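Participant: In the UniProt record's numbering, the protein residues as written are 1 to 323.
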């Protein structure tokens, strides 16, 4: 039996594959009764290190938080562990590619405020995510199209007792990845050296000073320190106000989509020939120099993701995360 033949929980039909997580593949699904589209994550029951049941439990522990997908069902169907959860929009990685790997300062600050809040909530529930990256932050759809959501909790870990708040102890020699080395000790030494010898000023060169302030603060935290999330949000909110940006939740990808639609309408009406040069993603150097949104082909995103982006932008002014 193929995944396409599966019926999950006697209620959900599996469609095309739309993504992959750390421990499983994600499919578009449909509620057979209501017709509602949802996401279904599958993991083989023969997986060497099954994680989906644990991930479902983490979602349950985090249930109710803004930007935390709701798990509708978890169980085993044939040869698969299955988890049914809310369908979301494109990831920040998808959108970054769509925008020619360049976000404006306004978009970065709008996202930063929500990202800090999501991490704060996860930490407040005594978990650390341990797989923070653009692929694991997805925008919502419809009325929540401007809301950042967090997914993929297969690597999440409790860092303190939820009742006593007693912190887990620091441990040396935890597995890290990123640099090739002959031995584990050599690898850890190289990672430590690289982190310690790269000054904040180098990492943040060309950016507003607030980014260096943020990074210096986070680097100063000890293992069991609690971050001051309000302070971190304020750093970027003050910059947002100083730049005279508007809290309209118009992200770069929304602007690009409208630009593309306008070009298509103009070309169809005969008022303007299709601008071939504008259809080409600009060189990164040009985008960085101008600091302005650049036009990228929608083909930079898979067709399934592009449909989700179209669905997401049906209500750009929605969202539940006001600053």
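No residue lacks a Cβ here, since even glycine has one placed at the ideal position from N, Cα and C. This one's a predicted model, so the numbers in the text were calculated from it and none came from an experiment.
On the premise that residue 122 lies in contact with residue 62, defined as a C-beta separation below 8 Å, what is that separation, rounded to the nearest angstrom?
Facilitator: Confirmed, Cβ separation roughly 7 Å.
Participant: Would you mind stating whether residue 55 and residue 229 have Cβ atoms separated by less than 8 Å?
Facilitator: Result no, Cβ atoms of residue 55 and residue 229 do not sit closer than 8 Å.
Participant: Count Cβ pairs between the segment 152-167 and the segment 74-94 that sit closer than 8 Å; are there 3 or more?
Facilitator: Cβ pair count under 8 Å is below three, so no.
Participant: Nearest by alpha-carbon distance to residue 135: which of 202, 237, 94 is it?
Facilitator: It is 94 whose Cα lies nearest to the Cα of residue 135.
Participant: Beta-carbon within less than 7 Å of residue 239's beta-carbon, same chain only, minus the 5 sequence neighbours each way: which residues are those?
Facilitator: Excluding sequence neighbours, residue 239 sits near 109, 208, 210.
Participant: Residue 118 and residue 67: beta carbons closer than 8 Å?
Facilitator: Cβ distance < 8 Å, so residue 118 and residue 67 count as in contact.
Participant: Which residue marks the beginning of the beta strand (DSSP E) containing residue 74, and which one marks its end?
Facilitator: Here the beta strand (DSSP E) through residue 74 covers 71-77.
Participant: Starting from residue 148, trace the beta strand (DSSP E) in both directions and tell me its first and last residue.
Facilitator: Taken as a continuous stretch (DSSP letters only), the beta strand (DSSP E) holding residue 148 covers 148-150.
Participant: What residues in its chain sit with their C-beta under 7 Å from that of residue 152, if we drop five residues either side in the sequence?
Facilitator: Closer than 7 Å at the Cβ level, and outside the excluded window around residue 152, lie 21, 22, 131, 136.
Participant: Please determine, among 41, 8, 140, 33, the residue with the shortest C-alpha to C-alpha distance to residue 24.
Facilitator: Of the candidates 41, 8, 140, 33, the one whose C-alpha sits nearest the C-alpha of residue 24 is 41.
Participant: Three-state secondary structure (DSSP) at residue 242?
Facilitator: Helix.
Participant: Measuring only the C-alpha atoms, how far is residue 33 from residue 47?
Facilitator: If you take the alpha carbons of residue 33 and residue 47, they lie about 31 Å apart.
Participant: Cα-Cα, which of 222, 199, 225 is closest to residue 213?
Facilitator: Answer by Cα proximity: 199.
Participant: Are there 16 or more other CB atoms within 10 angstroms of the CB of residue 144, so buried, or fewer, so exposed?
Facilitator: Buried: at least 16 other Cβ atoms inside 10 Å.
Participant: Grab the span of the beta strand (DSSP E) containing residue 25 for me, first residue to last.
Facilitator: Run containing residue 25: 24-31, per the beta strand (DSSP E) assignment.
Participant: Helix, strand or coil: how does DSSP classify residue 41 here?
Facilitator: Reduced to three states, the DSSP call for residue 41 is strand.
Participant: Can you tell me whether residue 6 is buried or exposed? The criterion is at least 16 other CB atoms within 10 Å of its CB, across all chains shown.
Facilitator: Per the 10 Å Cβ criterion, buried.
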